[in-house]
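Everything below concerns the one structure shown next.
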Amino acid sequence: MTSPTSRPDVTVVVIVYNDEDRLERAVRSVLDQTLRSCEVVVVDDCSTDRTPEVAARLAAAEPRVRSVRLPENSGGCGRPRNVGMVQARGRYVMFLDSDDTLDRHACLNLLATAEQTGAELVCGRSVRHYVERGTQESWMGRLFRRQAVHESLSDEPQLFYDLLATNKMYARDFLTRQHLAFPEDRLYEDMLFATHAYLTANRIAVIPHQIYNWNIVEKTATLSISNRTAELRNMADRISISRDMDQLLAKYGTPELQLRKDIRFIEHDLQVHLALLPLQDADRQQALIDIAAPYLADLGQAAFTAAHKLYAIAAFMVAKRDLPGVLATVDFVTRRRKAPHLTTDLVEREGRVYWCDRHLDDPLGREVLDVTGFGLHDRPVRRLEVGSRLTAVESSPRHVSMHGELVNPLERFPADGSVSARLEFTDRRRRRRRFHVPVELQHRGRRIGWTADFDPHLVLRPMGFVDPVYSIRLELRIGGETSTQRIFAGDAVIRDFRLPIRPRLTTLSGDWLRAYRTTAGNLALRMAAEGRAARAGVRTLRRIRSTTVGGHAWVRVRTAEAAVVSALTRRATKVAAYHRVLTRLPVNRHRVVFESHMGKQYSDSPKYIFEELRRRGLPYDTVWAYADVPTGFPEDARLVRRGSWAYFHALATARFWVDNQGFPHDLRKRPETRYIQTWHGSAFKRMGFDEATIKQATYDRQQRLQQAIDRFDTFLIRSDHDARTLARGMRVSGELMPVGYPRNDALVTGGDPTELTALRERLGLTDDRRVLLYAPTFRPRPGRGPHRMHVPFDLDRFAGEFGDRMVLLVRPHYLETVALPPGLAGTVRSVAGVHDITPLMLITDALITDYSSVMFDYALLDRPMLFHVPDFDDYVGQSRGCYFDLAEHAPGPLTHDDEELFSALADLDTVARDHAERRADFRARFGEYDNGHAAKAVVDHFFVPGGSRG
Amino acid sequence: MAEQRDIFLVCNSIDEVGGVQQWAHDLSRLFAARGHRVHLVGIEKAAEFRDYGTDPSYQRTILHDALPKAWRPRGIGHLNVPRRITRSRREAMVDRGAARLSELFRAARPGGVIIVAQVWAQEWVIRADTAGLRVIGMTHESYEASRRTSRYARVKRFYPDVHRLLALTEEDADAWAWNGMSNAGAMPNPVMATPVTRPDLSRPAVVTLRRLAHDKGIDMLVEAWAQVAPQHPDWQLSIYGSGPDEELLRRHARELGLDDRQIFRGLTTDLDAALSSASVYALPSREEGFPIALMEAMAYGLPSVAFDCAPGVRELLEDEVSGLLINPGNVPGFAAALERLIKDPDLRGRLGGQARESVGRFSPEAVVGRWEQLFELLHR
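From first to last, the protein sequence lines are chains A and V. Each residue of the first sequence is one higher than the one before, starting from 1 at the first, in the working numbering. Each residue of the second sequence is one higher than the one before, starting from 1 at the first, in the working numbering.
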C-alpha cells in the first residue's frame, strides 16, 4: 500500500484538455488497478472548461492523485506529457489520455513483466473501442499474440507498426538516462518518442494482455473546412517527424530497421493522409502531394519493392507527383468497410500486367507497377470486382436515363457482343425482392460505357414501409458467368439522383428513392417522402413510432420478421427439417443426387455414372448439386445449390446418393437410400483414421466421422491396394466394389474424340508441340479463403528452354487458385477452369506431379510421368505419413530441383523408355480393376431394372 | 523468509481421487512448511474417496456433504416444479456455504490470499466476503482443452474479476490474455517425486502410467508398439493404469498381434518400482494440462517420447534435448522415436540426464518461491 511519502511502483501521467466529463473515469481506471502502488499525475493543458475543478477535487479526495496545470495551452500532447514525466515519482511511468482508460490489471501485468525480465520498456495490447458502433478490435493485434522479450528492436522489427506511447510502461531512470522527451511543436509526437524508446531500451518485453482502452468516436466522411486546411499541416508534421525518426535510426539503428520504418511509412503513415485526399479540392490535393513528394523521392528503392504492392504504387505516384495516379490507387484500396473500385487502365507489356501505361520507362516504376500478381487478367469474371461509376442521370417524370462507365481490365469483357448487362435493384433487408433494368453497353477503348433508359414507375415497385433501402448494382453477363459491380458516384450525382416510385402498399410510405453513399462508399437508394401525401404519411408513421406502444409494436414486428427470415434460412433449421420432416416424405424411386467435390465441380466418377445413365436413356430424375455457380453443370439435370432447401429435399427423398467425397457429415441417411461412394483417388498419403489429425481428434469427432463413413453402402475400389489402405484407413463398413473408377474408363478406352478435339481448341492447343500437365497435390495453409498455388519451378526458364517444343498446362487443386503471367500464355496456361481432369489427361503427352493421386490414374495411359518433389523429405517425413515409399515404386524419376526437372524434360523420350517396366508394375499394382467398364458395371448393378439392386 | 500469510486453497473436493486434489494437498504441505497458515477447503464431499493422509500442518474444511446437481430452467422446463424446488434448495445451500467461507475469510489477517483451484468452486467464493484478501483463480488444463468444454464459458464468467487467473503454462496464459482475460498469468505444478532407485537405462522396457481413456491416447501407443515390437522382441512395453477403455484397448492390442496380458499391468501404487525398472517413458496423450506423470519420469532421469499435444508438454520437454516430441497423431513418427531410443543407449542417457536437470525448474522450492513472489506482488 502506498502512502504519499513512499515511492510508488508506477506513475500514470494523465493529460487532459477541456474534458471535464471524462477525466474522472480515466483517473478512476488508475485508482482501481489491482496494483495499488501507483499514483496519478494529472496534467491540465490549460483547459477553459471545468476540468481544473474536477482535477482539484480528485487530488483532494485521493492522496495518490496530484494535479498540475500548464500556464498556457500547448495545443498538443507533447508538453503536458513532458511536464508529467518530470513530476513522476514512480519507478515506472505510463501515459493515459483523459478520454481513454487503462485495463484494470494493466499496471500489474506490465510491472510484473518488467521486474521478471528486467526490460526497461514493456508493451501491451491496445484495444480500440468504437463508441457509436459499440464494437472493439485490437490495434496491431498480430504483434501481441504471444509474450516475448527482445534484446533489441532488430529482434522484432515488426514492432515498428506499434508506435503508440500509451500502451507501454517505461522505467523512469531509463527515461532520464536517455533524455527521452516528446516533441512539443508537432503532431505525431508518439511516433518519435516510441521510436526513441525502442532504439535505446536495454530490452523490450511484449505481453498479449489488454492494457489500454482507446475510445474512438468515428468521424464522418466529410472534413470540415478547418480540417481540410489542417491536413496540410498534418502532412508537413508527418514528414518532419519521419525525418527525425530517420535521424534516430541513423544514430542507433541498422539499415534493416531503416527499411522497416520506410515500409511502415508507405503502408501506414502515408495511407492515413491519402485516404482523406478525395475529400479535398484539386488544388489542395496537389499541394498535399507536393509536400510529401520530396521525402518519398529520397526514400530507398528497397522500401517500394518490399511494401505491399498497392501502397507502394501509391507512394511511387506521390514521388512522381502524379495526382491522377495517386487517386486511382486510393480508389482501389480496401480499407475497413470501403469497397475497392478499379479506375486505372491496366496495360499489358511483354507479357506482364502493369497498373497504368505511365512511368514504365523508369526501372523502379516497371517493378512497382507490375501487378501481374493481382491476377486481374485471369481470375474468373465473377470474382472481378472493379466497380462502376455513375456519371450522369437525366430524369423527367416518366423517364430516367442513367449513364455510367467502368474500366475494362485487359479487355476481359470483349467487344464482340458476347457481354450483356442489366441493373439490379435489391431490397437491402430482403434480398429476394429485386427489380431489373436492361442496360446498353458501348465499348470505348479500355472503358465500357453503359446507359439504362426506363420508366421508374413501371419497373420499380417497392412494397413501402417494409423496404426503405435498396442497393443498386450493375450485372455483366458473359458466357454463363455473372460479374456484379458496385456503383460509385461523385457528390453532385448523388445529390441530384432520385427516382419517382409508387410503392405497392401506398404512396403514404414514400414517393421517391433518393441516392446516398453507404459506409462502403458505394451508391444505394433510400425511400423519401416529398409529395404532400407521402410527407403526411411518413409524419404520421413517425408519430406512431414515437409513442411507447407504437414504438414497441414497430420494433416487435420488425424483430419478429427478421427472426422468421433468419430462422428459415439458417442451416440448422434446414438440417432439423431434413431429419424431422423431409426424410419422412416418400422416397422417389427414380431420384439420384450427384455431387462431386462438395459441389465445386461437374467431374470425376459421379459425372461418368451420370453420363452412362443418360446415354442409356434410363428414366431417372437426376439432380446435381453445385456449390457456387451452376456454370459447367449439365443442363438436362436438375441443378440444386448445395445447402439450399431444394438440396436438402432432394437428398431426403432420393433413392440413390452418388458422390466422390462426402455429403454433409451431419445428415443421416435414411435406410431406403443407397449411397454409392465412388471416392476420388487412390491413396499415397495416409487417409482417414490413419491420418494424424484424425488420430489425434477427440472421441466425439472420431465418432462423427465414423458415422459419416458408415453411411456408405458401396465404396468403389480400383485395386487391392485401395482395400488395404483407403478402405481400411477410413474404416469403411460398406461393401467394396472392385470395378475400378468410372472416371478412368476413358483413360483405358481413349475417350470421346469430339470432346477431346473441342477441349484442345478451347485451350488453344492447335500446334504440334507436346503438351505437359502439371498437377500437384493440395498443400493446406493456415487461413481462410482460396489459396494461391505456388509453382515450385522457374516458369520463365521453362518457357525459354522448352517453349518451342512444349506447352505446360497448370492444374491447381480445386481449392486453390493460380495467377500465371500472361506473357507466358503461349507456353504456360492455367486449366483451373476445366472441371474434369480426365480429358485433360487424355490430351496431354506427359505428366508432372508430386504426391497427388493423379499419379495412379495417369499411369493407366502409359505415358511419361515425372515426380517433382523439391520438398520430399519435409513432406514425406512430416506429420501425414505415407502408405508406400514413393522412390521405390514411382513410375518415373523423382526430381528435386529445377536442374533435375529440366534435364529430365530435355530427354523425355529416354526417361519414358527407361521407366516402361516400372509403369507397367505400377499400373498392375494400383489399377488392377480399371478395365474401362466401371460406369457400365455400376449402372448395370444398381440402375437397370432387373439388375441386382435396381 | 517471506512474509507469513493466511492462505485459503479452495477446491471442488479435497478427498476425491484426482490430480488436482493430490496437487492441492502437496501445495498445502509445502506452504505450511514455509510457515504459512494454510486452510484447505473442499466445496463438496468426494464421490470416489481417497485418503490423502492426516498431515496436521494445515486445516481442512468441507462445506457440503452432498449437493443437488445444478440446473437452469429453459423453455418449457420452467414448469418443472420438483426441479425448481431442488434448485432453490441448492441455492440456499450455496448461500450457506458461502457464508461459511465468509466467516473463515474474515478471520484472516491482512496479507491473506485465496487460491481457487477450479472454476466451479469460484461460484462460492464469488458470493463470499473476500474484503482485504487477494483472490487467485486457477485453470488446471490447457486453454485448448478448456475451449472444448463448458468450463471455458465459466472461466470467462466467474474469473474476470479475480486479481490473478493462473494457467499452467505461459503459452496457455497468453491464449487466455489474448482472449480477453487480462488478469492471466502462469504457475506450473511442482514435481513432488523424489527418486528412491535410479533407473540405469539398460533394462529393455518402455513404460507409461496413464488412465486408460481416449484422451490419454493409449490406442496410439499400442499401434506404435505394434510397429516396434517385431524388430525388438526382447523389449517390453508396460502400461500401468486402469480406466473405461481397458477392454477395448486389450482387444486392440490382440488384434495387432501383441500380448495384452504382458502390456497392461493394471494400477500400481509403487511408482518407484514402475519407473526405476524402465529405460524409456511414453506419453501418447491427445490432451494434457501440465502432466505430473511426465515430470516424475523426468525426475527419474527417463528419456521420454511424447505427442506435442499441449503447451504443458512443450514446456516440460524440449525436442531432442530433454525428450522427443512428435506431431500429434503421427503414430509412425512415435514408433520411429521409440525405436531410436531403443537402439541408442547414448541418446537415452543424454536425454534422460537433461530431463532430470530440466525438471529441476519445477522443484517444490522453485514453485513455492514463485507463489510467494506472486502473493507479494498482489499485496503491493
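For every residue, glycine included, the Cβ atom is placed at its ideal position computed from N, Cα and C. The structure presented is a predicted model; accordingly, all values stated were derived computationally and were not measured.
Cβ shell of residue i (< 6 Å), same chain only, five flanking positions each side left out
i: G449 (chain A); result: E405 and Q442
i: H436 (chain A); result: R422 and E424
i: F182 (chain A); result: G78, R81, N82, E189 and F193
i: E394 (chain A); result: S401
Beta-carbon gap between residue i and residue j smaller than 8 Å
i: V222 (chain V); j: L256 (chain V); result: yes
i: G387 (chain A); j: P324 (chain A); result: no
i: T910 (chain A); j: S852 (chain A); result: no
i: R863 (chain A); j: L886 (chain A); result: no
i: P742 (chain A); j: S605 (chain A); result: yes
i: V939 (chain A); j: R616 (chain A); result: yes
i: L201 (chain V); j: S279 (chain V); result: yes
i: L390 (chain A); j: I487 (chain A); result: yes
i: V368 (chain A); j: F465 (chain A); result: no
Contacts around residue i, its chain only, beta-carbon distance under 7 Å, and the 5 residues preceding and following it disregarded
i: S830 (chain A); result: D378, V810, V818 and L820
i: I126 (chain V); result: F158
i: R89 (chain A); result: R7, P8, T11 and E39
i: S879 (chain A); result: Residue placement at S879 (chain A) is poorly supported in this model, since its pLDDT is 48, which falls under 50; the coordinates still yield a value, given next. Around S879 (chain A): A692.
i: N660 (chain A); result: S596, H597, D604, S605, P606, T678, W679 and H680
i: A366 (chain V); result: none
i: L274 (chain A); result: A314, V326 and V330
Residue interval of the beta strand (DSSP E) (run including residue i)
i: F264 (chain V); result: F264 to G266
i: I115 (chain V); result: V113 to V116
i: M806 (chain A); result: M806 to V810
i: Y354 (chain A); result: R352 to Y354
Continuous alpha helix (DSSP H) stretch holding residue i: start and end
i: C107 (chain A); result: A106 to T117
i: H196 (chain A); result: E189 to T200
i: W120 (chain V); result: V119 to V125
i: F712 (chain A); result: No alpha helix (DSSP H) contains F712 (chain A), which DSSP labels as neither H nor E.
i: A625 (chain A); result: Taken as a continuous stretch (DSSP letters only), A625 (chain A) belongs to no alpha helix (DSSP H), being part of the beta strand (DSSP E) at D621 to Y626.
i: K343 (chain V); result: V331 to K343
For residue i, the nearest candidate out of the options (CA to CA)
i: G764 (chain A); options: A:Y252, A:A825, A:T391 and A:G373; result: A:A825
i: G351 (chain A); options: A:R337, A:G373 and A:K338; result: A:G373
i: D713 (chain A); options: A:A746, A:R64, A:A112 and A:R674; result: A:R674
i: F413 (chain A); options: A:A520, A:P500, A:G480 and A:A287; result: A:G480
i: T838 (chain A); options: A:P870, A:V791, A:L747 and A:L905; result: A:L747
i: R805 (chain A); options: A:A302, A:T766 and A:R545; result: A:T766
i: K251 (chain A); options: A:Y198, A:D914, A:R770 and A:H268; result: A:Y198
i: P68 (chain V); options: V:L79, V:E91, V:Q21 and V:G77; result: V:E91
i: T573 (chain A); options: A:Y620, A:P671 and A:S644; result: A:S644
i: G662 (chain A); options: A:K600, A:F926, A:H649 and A:R50; result: A:K600
i: T268 (chain V); options: V:L30, V:S238 and V:D15; result: V:S238
i: G137 (chain V); options: V:A184, V:S146 and V:A145; result: V:A184
i: M245 (chain A); options: A:A577, A:T195, A:P619 and A:P891; result: A:T195
i: D467 (chain A); options: A:L523, A:V493, A:T749 and A:M527; result: A:M527
Any non-hydrogen atom of the ligand NAP closer than 7 Å to residue i Cβ
i: L894 (chain A); result: What this structure holds is no ligand at all, so the ligand NAP is not there to describe.
ask   = What residues in the stretch 200 to 211 of chain A bring their beta carbon closer than 9 Å to a beta carbon of chain V?
value = I207, P208, H209, Q210 and I211
task = Using a Cβ-Cβ cut-off of less than 8 Å, give me the residues of the stretch 177 to 188 of chain V that come near chain A, in sequence order.
result = A177, W178, G180, S182, N183, A184 and G185
query = Of all the residues that make up the stretch 360 to 374 of chain V, which are near chain A by a beta-carbon distance shorter than 8 Å?
reply = none
request  = Taking only beta carbons into account, state which residues of the stretch 94 to 105 of chain A come closer than 8 Å to chain V, listed in chain order.
outcome  = D103, R104 and H105
message = Beta carbons nearer than 9 Å to chain A: which residues of the stretch 280 to 298 of chain V have them?
response = R286 and E287
query = Going along the stretch 318 to 332 of chain V in order, which residues come within less than 9 Å of chain A, judged by CB to CB distance?
reply = I326, N327, P328, G329, N330, V331 and P332
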